[in-house]
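For this note's numbering, count along the sequence shown from 1 and bump the result up by 1.
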Amino acid sequence: MNCLAEKLKIERVEPMFWWVDMKNPNLQLLIHGENISKCDVSMNYPGVTIEGIIKTDRPNYLFVNLLIKKGTKAGSFEIVFSEDGKKKAAYTYALKNRKEDSASRKGYDASDVVYLIMPDRFANGDPSNDSVKGMKDKLDRENPDGRHGGDIQGIIDHLDYLQELGITAIWNTPLMEDNEPKTSYHTYAISDYYKIDARFGSNEDYARLSAEAKKRGIKIIMDVVTNHCASAHWWMNDLPSSDWVHVFPEYTQSNHRKSTTNDPYVSKGDYEKNFDGWFARSMPDLNQKNDLLINYFIQNTIWWIEYADLGGIRVDTYPYNDKDAMAVYSGTIMEEYPNLNIVGETWLSSPAEIAYWQKDAVNHDGYNSNLPCVMDFSLFDAMTKAFIEDESWNTGLIRLYNSLSFDYLYPHTDNLFIFAENHDTDHIMSVLEGDIQKYKNLMTFLLTTRGIPQLYSGTEILLEGKKSDGDGKMRVDFPGGWEGDARNAFVAEGRTAKENEAFNYLKKLLNWRKQNPVIHTGKLMHYVPENGTYVYFRSNLQKTVMVAINQNGKAQDLDLKRFSESLSSFSAGIDVISEKEFDLSKNSISLAPNTSVILELK
Numbered sequence: 002m003n004c005l006a007e008k009l010k011i012e013r014v015e016p017m018f019w020w021v022d023m024k025n026p027n028l029q030l031l032i033h034g035e036n037i038s039k040c041d042v043s044m045n046y047p048g049v050t051i052e053g054i055i056k057t058d059r060p061n062y063l064f065v066n067l068l069i070k071k072g073t074k075a076g077s078f079e080i081v082f083s084e085d086g087k088k089k090a091a092y093t094y095a096l097k098n099r100k101e102d103s104a105s106r107k108g109y110d111a112s113d114v115v116y117l118i119m120p121d122r123f124a125n126g127d128p129s130n131d132s133v134k135g136m137k138d139k140l141d142r143e144n145p146d147g148r149h150g151g152d153i154q155g156i157i158d159h160l161d162y163l164q165e166l167g168i169t170a171i172w173n174t175p176l177m178e179d180n181e182p183k184t185s186y187h188t189y190a191i192s193d194y195y196k197i198d199a200r201f202g203s204n205e206d207y208a209r210l211s212a213e214a215k216k217r218g219i220k221i222i223m224d225v226v227t228n229h230c231a232s233a234h235w236w237m238n239d240l241p242s243s244d245w246v247h248v249f250p251e252y253t254q255s256n257h258r259k260s261t262t263n264d265p266y267v268s269k270g271d272y273e274k275n276f277d278g279w280f281a282r283s284m285p286d287l288n289q290k291n292d293l294l295i296n297y298f299i300q301n302t303i304w305w306i307e308y309a310d311l312g313g314i315r316v317d318t319y320p321y322n323d324k325d326a327m328a329v330y331s332g333t334i335m336e337e338y339p340n341l342n343i344v345g346e347t348w349l350s351s352p353a354e355i356a357y358w359q360k361d362a363v364n365h366d367g368y369n370s371n372l373p374c375v376m377d378f379s380l381f382d383a384m385t386k387a388f389i390e391d392e393s394w395n396t397g398l399i400r401l402y403n404s405l406s407f408d409y410l411y412p413h414t415d416n417l418f419i420f421a422e423n424h425d426t427d428h429i430m431s432v433l434e435g436d437i438q439k440y441k442n443l444m445t446f447l448l449t450t451r452g453i454p455q456l457y458s459g460t461e462i463l464l465e466g467k468k469s470d471g472d473g474k475m476r477v478d479f480p481g482g483w484e485g486d487a488r489n490a491f492v493a494e495g496r497t498a499k500e501n502e503a504f505n506y507l508k509k510l511l512n513w514r515k516q517n518p519v520i521h522t523g524k525l526m527h528y529v530p531e532n533g534t535y536v537y538f539r540s541n542l543q544k545t546v547m548v549a550i551n552q553n554g555k556a557q558d559l560d561l562k563r564f565s566e567s568l569s570s571f572s573a574g575i576d577v578i579s580e581k582e583f584d585l586s587k588n589s590i591s592l593a594p595n596t597s598v599i600l601e602l603k
């Protein structure tokens, strides 16, 4: 039905509502309706004016630019669509009051420990939404690549468990709607950016999760996907503009060569194939060079931050996006929320490549990403090898030392996301072949070195899974998250003795870390590993902590004179885990085989 008809159906207005007193007073509405571009647009509300109307080469879209002046009152008004002076349709638009101190909200930082959850595989709190009418992918827990039924209520039900463990932030893989016909459980192919997937719950459930988490001192981090959408996205049937997605003469997949970003010899074709090629046939590659599109994502992210009271953002596949557009994206969001944090998935191999993407990096081309935090895949790679290798000149614990020695490339070393596993990698206990002593050593390092540690759901109970078996099999369900499960690992009685040993170790370490700023932002000094032993110190004006990791199968005597630069004023240390006191006034201390100590120095 076109605008000449008696009535016009407005299919979409996004964002559906907004807030007053934002730092940026500008708001751009995406309006979708048949032949809407033929209409005039008007409204009347104190403090709000239409600053411009943008038409694309697609007749069913209008972009309406509003100016919401500071001091405008919350309330509702009609946006009127008319033709030749005749009203054809209207949309009631609401402006809301922001939560108190919304602009100054504090995002996650090095004082936090982030717990990554793939919601479909964590816990099923509401079986009534396991399969939903209109959603193509139905419940099939027997299929590793099927929907298993985990949801937002399942996360809410276990917030107390996470609080007990010592978690202070939760990163959920995307919760927005993914209506692809198969393998939709991971929801990285989003079909509606303003709607929580109904099989996880509702928008209101997500806001409730954030509120309940906040009561327990836990921030919620939203996973955002700006590089691609789902082929099932509603706009794929009627694109807002012809250049909304990247189109090739024939299907072209990304070459995944992210190094083309900095390659001085790169060909234009290879460069474009990385950035503009599709991630998969089910994931159309979005064109962030389109100003309307990047503004859409900026507003969408801000909308969720305000609506769900979020504590941070994680952006998927960051180096696949147009880098200049994403600098605008990150910069604009951080201008609105100066104390928030955004981490980009920077899956690259070397510190030089990763550091390029962090805000304020000294780059050869002058590029500044405005992205505060990056994922340290270089250190991840070192961790997954350091604890399983024999010691040599360049293997074993020296990998950790060498990775950290490149930290001069990062402008903000405390704001690096560090991890030993995530939803795209082997579970770390599969890498360590079930060795709990190596597990403890690795967790000791992860939770006492610089950066923001991230754990993956099940790390605390030694869950295993290998990527070589397929992503679906690797992303195992948390035992006890479903009624009828053979055991419930959320409680001590449902865990094995070995699992409880790991859980209690991690719990003690996490809750100690929470109370010790010296580990969050203290100076790091480390010593070249020798004899399979790595020693480093964290210090600030209030406290010094000594960490010693013995990866050797034999006991090691540490010559303390070697560490006199860091130990000169201390005579004793109390181990955080065992609470054993070590006499540092002697020339050496002994470390048991395959163990680590975290000594608070006195």
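The C-beta atom is built at its ideal place from N, Cα and C for all residues, glycine as well. Keep in mind that this is a model prediction, so the values were computed, not measured.
Could you check whether residue j and residue i sit closer than 7 Å to each other, using their CB atoms as the reference points?
i	j	result
residue 490	residue 462	yes
residue 199	residue 231	no
residue 429	residue 377	no
residue 158	residue 126	yes
residue 585	residue 571	yes
residue 49	residue 67	yes
residue 172	residue 219	no
residue 150	residue 140	yes
residue 619	residue 417	Given that the chain is displayed from residue 2 to residue 603, the structure contains no residue 619 and the question cannot be resolved.
residue 124	residue 181	no
residue 107	residue 275	no
residue 14	residue 30	yes
Can you give the Cα-Cα distance for residue i and residue j, rounded to whole angstroms?
i	j	result
residue 23	residue 71	8 Å
residue 162	residue 529	38 Å
residue 55	residue 92	18 Å
residue 548	residue 478	34 Å
residue 335	residue 237	30 Å
residue 303	residue 358	21 Å
residue 466	residue 447	20 Å
residue 84	residue 9	10 Å
residue 559	residue 169	35 Å
residue 408	residue 526	12 Å
residue 531	residue 164	38 Å
residue 624	residue 96	Examination of residue 624 is not possible in this model, given that the chain is present from 2 through 603 alone.
residue 472	residue 144	12 Å
residue 369	residue 353	14 Å
residue 506	residue 445	10 Å
residue 583	residue 597	13 Å
residue 436	residue 59	59 Å
For residue i, does the count of other Cβ atoms within 10 angstroms reach 16, so buried, or fall short, so exposed?
i	result
residue 363	exposed
residue 492	exposed
residue 433	buried
residue 2	Any answer about residue 2 is weak, because its pLDDT of 32 lies below 50 and its placement is not dependable; what the coordinates show is given next. Label assigned to residue 2: exposed.
residue 250	exposed
residue 442	buried
residue 6	Confidence in residue 6 is poor, its pLDDT being 39 and thus under 50, which makes the residue's placement unreliable; the coordinate value appears in the next sentence. Classification of residue 6: exposed, given that the 10 Å Cβ count is below 16.
residue 579	exposed
residue 34	buried
residue 567	buried
residue 261	buried
residue 4	Caution is warranted here: a pLDDT of 39 is assigned to residue 4, below 50, making its placement in the model unreliable, and the coordinate value is therefore given only provisionally. Result: buried.
residue 247	buried
residue 394	exposed
residue 606	Lying before the first or after the last residue shown, residue 606 is absent from the chain, which here runs from 2 to 603.
Would residue i pass as an interface residue toward chain D - the criterion being a Cβ-Cβ separation below 7 Å?
i	result
residue 298	As a matter of chain content, chain D is missing from the structure shown, which is built from one protein chain.
Subject >> Completely contained alpha helix (DSSP H) runs for the region 353 to 394, where each covers 4 or more residues >> reply: DSSP runs (the alpha helix (DSSP H)) wholly in the region 353 to 394: 378 to 387.
**OP:** Would you list, in sequence order, the uninterrupted alpha helix (DSSP H) runs of no fewer than 4 residues that lie entirely inside the region 468 to 544?
**Re:** If we require 4 residues or more, the alpha helix (DSSP H) runs fully inside the region 468 to 544 come out as 472 to 475, 498 to 515 and 518 to 522.
Original post:
If you pair each beta-carbon of the region 508 to 520 with each one of the region 533 to 552, do three or more pairs fall below 8 Å?
Top reply: By the Cβ test, the region 508 to 520 is in contact with the region 533 to 552, since at least three Cβ pairs between them sit closer than 8 Å.
Original post:
Would the region 338 to 358 and the region 306 to 322 be scored as touching if the rule is three or more Cβ pairs under 8 Å?
Top reply: Flag = yes, the region 338 to 358 and the region 306 to 322 touch.
Original post:
Okay, do the region 278 to 296 and the region 146 to 160 touch, 3+ Cβ pairs below 8 Å being the bar?
Top reply: These segments do not touch.
Subject >> Sufficient close CB pairs (3 or more, under 8 Å) joining the region 304 to 314 to the region 102 to 114 >> reply: Yes, the region 304 to 314 is in contact with the region 102 to 114.
Subject >> Stretch-stretch touch, CB-based, cutoff 8 Å, three pairs: the region 36 to 48 with the region 71 to 81 >> reply: For the pair of segments examined, the region 36 to 48 was found to touch the region 71 to 81: the number of CB pairs separated by less than 8 Å reaches three.
**OP:** Within the region 170 to 219, note down every full beta strand (DSSP E) run reaching 3 residues or more, in order along the chain.
**Re:** Every unbroken stretch of the beta strand (DSSP E) spanning 3 or more residues and falling wholly within the region 170 to 219 is given here in chain order: 170 to 173 and 193 to 197.
**OP:** Please specify which runs of the beta strand (DSSP E), each continuous and at least 3 residues long, are wholly inside the region 103 to 177, giving them in chain order.
**Re:** Taken in chain order, the complete beta strand (DSSP E) segments of 3 residues or longer contained in the region 103 to 177 are 115 to 118 and 170 to 173.
Original post:
Going along the chain, which unbroken runs of the alpha helix (DSSP H) with 4 or more residues stay wholly within the region 264 to 292?
Top reply: Here the runs fully enclosed are 269 to 277.
**OP:** Scan the region 32 to 56 and note each continuous beta strand (DSSP E) run of 3 residues or more that stays entirely inside, going in chain order.
**Re:** Runs of the beta strand (DSSP E) inside the region 32 to 56: 41 to 44 and 49 to 55.
Original post:
Of all the alpha helix (DSSP H) runs that stay within the bounds of the region 229 to 261, which reach a length of 4 or more residues?
Top reply: Fully enclosed alpha helix (DSSP H) runs of 4 or longer: not present.
Subject >> Those runs of the alpha helix (DSSP H) which lie wholly inside the region 386 to 451 and span at least 4 residues >> reply: Runs of the alpha helix (DSSP H) lying entirely within the region 386 to 451 and spanning at least 4 residues, in chain order: 399 to 405, 429 to 432 and 437 to 447.
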